[in-house]
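Asker:
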Amino acid sequence: MSKAVVFWQPILSIHQTPLLEEFGRIYPGDCYLVVDKLFPKTRVNAGWDVKAPENIRLIGPEDNANTVPSDAIHVVSGYVGPQRWLQQRKRVLADANADVVVMVEGISRLGGPAKRAARFFKQGMGRMHLRHHLRGVLAIGTHAQRQAARMGIAEERIYPMLYATATPKVQQRQSLPENCAVFVGKRRSLKNTDTLVKATKGLCPLVLIGAQEEGFEDGAEAASHVEVLGPIENELLASYLVEAAVLVLPSWHDGWGAVVNEALACGTPVVCSAYAGAADLINSSGPFRGVVVDHPDQDALHEAIAQVLHAKADRDVIQSWALEHISPSAVAPYLQRCLNAAASANQGRPTAPWHRGLLG
Numbered sequence: 001m002s003k004a005v006v007f008w009q010p011i012l013s014i015h016q017t018p019l020l021e022e023f024g025r026i027y028p029g030d031c032y033l034v035v036d037k038l039f040p041k042t043r044v045n046a047g048w049d050v051k052a053p054e055n056i057r058l059i060g061p062e063d064n065a066n067t068v069p070s071d072a073i074h075v076v077s078g079y080v081g082p083q084r085w086l087q088q089r090k091r092v093l094a095d096a097n098a099d100v101v102v103m104v105e106g107i108s109r110l111g112g113p114a115k116r117a118a119r120f121f122k123q124g125m126g127r128m129h130l131r132h133h134l135r136g137v138l139a140i141g142t143h144a145q146r147q148a149a150r151m152g153i154a155e156e157r158i159y160p161m162l163y164a165t166a167t168p169k170v171q172q173r174q175s176l177p178e179n180c181a182v183f184v185g186k187r188r189s190l191k192n193t194d195t196l197v198k199a200t201k202g203l204c205p206l207v208l209i210g211a212q213e214e215g216f217e218d219g220a221e222a223a224s225h226v227e228v229l230g231p232i233e234n235e236l237l238a239s240y241l242v243e244a245a246v247l248v249l250p251s252w253h254d255g256w257g258a259v260v261n262e263a264l265a266c267g268t269p270v271v272c273s274a275y276a277g278a279a280d281l282i283n284s285s286g287p288f289r290g291v292v293v294d295h296p297d298q299d300a301l302h303e304a305i306a307q308v309l310h311a312k313a314d315r316d317v318i319q320s321w322a323l324e325h326i327s328p329s330a331v332a333p334y335l336q337r338c339l340n341a342a343a344s345a346n347q348g349r350p351t352a353p354w355h356r357g358l359l360g
């Protein structure tokens, strides 16, 4: 009989629930999801809505986490882990049969060497608490993979991972300017929208979807080529993405950037900063899906967007690639193979579906 799998997460996440639901459907053992909170108000204000996953037992903030078995594969968000994991860690790690796999994003490069060192030290301390129970790392993006290697995790125990979003449904196609670039997210310095506004001037229309951070100005309202839509419900996003000529994610840091998945699933090519974990989806093998910008300054963004607009990528091919390689139905079996490999000393590292065809 297969070991139970327990996912420990801070919130019920719109970007992880579809994968967990599919994983619970195919996994032959029991599955649990333990969360600190169900759904923060900040996410609701951003247009998010998520239902509890089927096929997996949800342990909410009011439920007793002591009912979760210790003799299981525990998939913990971050080396330190969410609050409820910290409360249960001693009980779980007292069981010699407990296996721990950490799911982690890359550490932000922002804030200077001292802050980066402090973040890395905190992760290292979290890893020390796991001791001999740590079986592997599900590394979200290439930065997380490199950082896991720096922490001494063996290469064969570092498993590339992503956030597999639900396959989007277009409810009603929206009317957007022809050949427009679209940005989705909170308008703030970290997201680099001020540079994006300048980079698209004289090149193409720009549509901004998402709230604006208080006190931040990116010049969008004064720019004649920019249309500001503000926040929309997440279930409506595909209706906009399918009309965009290109999605642009110009962030100075993004642990992943799930809107890249959503754009590709709509057949929309992407310009993505190398500082976003989701750049892994553009750099990997397969058909042309966009361009990764190493340093998202004005000139580099302008050039990359122009390249994508000129390329006129085949949207049907992009959409098919996304369905076959990064949808929950494609990633869940890979996640199962990763966990089986992590819990076994003899199984090799499986190949991520979005890396198929890569050499080396």
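As numbered in full-length UniProt numbering, residues 1 to 360 make up the sequence shown, in order.
Where is the CB? At the ideal position from N, CA and C, for every residue including glycine.
Since this is a predicted model, take the numbers as computed values, not measurements.
1. Among Ile140, Ala276 and Gly230, which residue has its Cα nearest to the Cα of Val248?
2. Can a CB atom of chain D be found closer than 9 Å to the CB of Ile232?
3. At the level of alpha carbons, what is the spacing between Ile232 and Ala238?
4. For the beta strand (DSSP E) holding residue 361, just list the boundary residues, first then last.
5. Kindly indicate which residue of Lys169, Arg116, Pro82 and Gly230 has the alpha-carbon position closest to the one of Gly106.
6. May I ask which residues mark the beginning and end of the alpha helix (DSSP H) holding Glu198?
7. Would Leu301 pass as a contact of Thr195 if the rule is Cβ separation under 9 Å?
8. Out of Val182, Ala164, Asn234 and Trp8, point me to the one whose CA is closest to Val170's CA.
9. Whose CA, out of Ile11, Phe183, Ala4 and Gln16, lies closest to the CA of Ile326?
10. At a cut of 8 Å, does the region 151-163 reach the region 174-181 through at least three beta carbon pairs?
11. Do Arg127 and Tyr79 come within 9 Å of each other at the CB atom, strictly closer than that value?
12. How about Tyr32 and Leu58: do their beta carbons lie closer than 9 Å?
13. Does the pairing of the region 208-222 with the region 262-272 give three or more beta-carbon distances under 8 Å?
14. Rounded to whole angstroms, how far is the Cβ of Thr165 from the Cβ of Ala258, which I believe are closer than 8 Å?
15. Using the rule of at least 16 other Cβ atoms within 10 Å of the residue's Cβ for burial, across every protein chain shown, is Ser77 buried or exposed?
16. Mind checking who Tyr159 pairs with in its DSSP beta bridge?
17. Who are the Cβ neighbours of Ala343 in its own chain at under 7 Å, not counting the five residues just before and after it?
18. Kindly provide the ranges of any beta strand (DSSP E) runs that are 3 or more residues long and lie completely inside the UniProt domain "Glycosyl transferase family 1" (176-316), ordered along the chain.
19. Looking only at its own chain, which residues have a Cβ that is under 8 Å from the Cβ of Ser273, when we skip the five neighbours before and after it?
20. What residue does the alpha helix (DSSP H) around Ser329 start on, and which one ends it?
21. Which residue from Val35, Ile153 and Val331 puts its Cα closest to that of His355?
22. From Gln83 to Pro168, what distance separates their C-alpha atoms?
23. Going by DSSP in three states, Glu22 sits in which element: helix, strand or coil?
24. Just reading off the alpha helix (DSSP H) that Val170 is part of, what are its end residues?
25. Rounded to whole angstroms, what's the CA-CA distance from Val137 to Ser285? Just pull it up for me.
26. Return helix, strand or coil for Lys37, following the three-state DSSP convention.
27. Considering Trp8, what are the terminal residues of the beta strand (DSSP E) in which it resides?
28. Would DSSP call His74 helix, strand or coil?
29. How about Ser70 and Asp95: do their beta carbons lie closer than 9 Å?
30. How many Å lie between Pro18 and Leu339 at the Cα?
31. Which residues in the same chain have their Cβ closer than 7 Å to the Cβ of Thr200, if we skip the five residues on either side of it in sequence?
32. Here's a check: name, in chain order, each residue in its chain whose Cβ is nearer than 7 Å to the Cβ of Val5, leaving out the five neighbours to either side.
33. Just how far apart, CA to CA, sit Asn261 and Leu323?
Answerer: In short:
1. Among Ile140, Ala276 and Gly230, the Cα nearest to that of Val248 belongs to Ala276.
2. Protein chain content of the structure displayed is limited to a single chain, and chain D is not contained in it.
3. If I take the Cα positions, the gap works out to 11 Å.
4. As shown, the chain starts at 1 and ends at 360. That puts residue 361 outside it, with no answer to give.
5. It is Arg116 whose Cα lies nearest to the Cα of Gly106.
6. First, the amino acid is wrong: residue 198 is Lys here, not Glu. Unbroken alpha helix (DSSP H) run through Lys198: Thr193 to Thr200.
7. Contact flag set, yes.
8. Selected option, being the one with the closest Cα: Asn234.
9. Nearest C-alpha to Ile326: Gln16.
10. Because the criterion of three Cβ pairs below 8 Å is not met, the region 151-163 and the region 174-181 do not touch.
11. In this structure, the beta-carbon distance from Tyr79 to Arg127 falls below 9 Å.
12. Yes, they are a contact pair.
13. Cβ pair count under 8 Å is below three, so no.
14. Contact flag correct, Cβ pair sits at about 5 Å.
15. Buried: at least 16 other Cβ atoms inside 10 Å.
16. DSSP, once it has assigned bridges, lists Leu138 as partnering Tyr159.
17. Correct list, in chain order: Lys3, Ile73, Asp99 and Arg135.
18. DSSP runs (the beta strand (DSSP E)) wholly in the UniProt domain "Glycosyl transferase family 1" (176-316): 181-184, 206-209, 226-230, 246-249, 270-273 and 290-293.
19. Hits under 8 Å: Asn192, Leu249, Pro250, Ser251, Trp252, Asp254, Ala279, Val292, Val293 and Pro296.
20. It spans Pro328 to Ala343 - the alpha helix (DSSP H) in which Ser329 sits, taken as one unbroken run.
21. His355 has its Cα closest to that of Val331, out of Val35, Ile153 and Val331.
22. In a straight line, the C-alpha of Gln83 is about 32 Å away from that of Pro168.
23. Look at Glu22 here: in three-state DSSP terms it is helix.
24. Counting along the chain, no alpha helix (DSSP H) covers Val170, and no H or E run does either.
25. Answer to the nearest angstrom: the Cα atoms are 23 Å apart.
26. For Lys37, the three-state secondary structure derived from DSSP is strand.
27. It spans Ala4 to Ile11 - the beta strand (DSSP E) in which Trp8 sits, taken as one unbroken run.
28. Here His74 sits in strand by DSSP.
29. The answer is yes: Cβ separation under 9 Å.
30. The straight-line gap from Cα to Cα measures roughly 18 Å.
31. Result list for Thr200: Ala181, Leu206, His225 and Ile305, in chain order.
32. The answer, listed in chain order, is Tyr27, Gly29, Cys31, Ala72, Ile73, Val75 and Leu339.
33. Cα-Cα distance, rounded: 10 Å.
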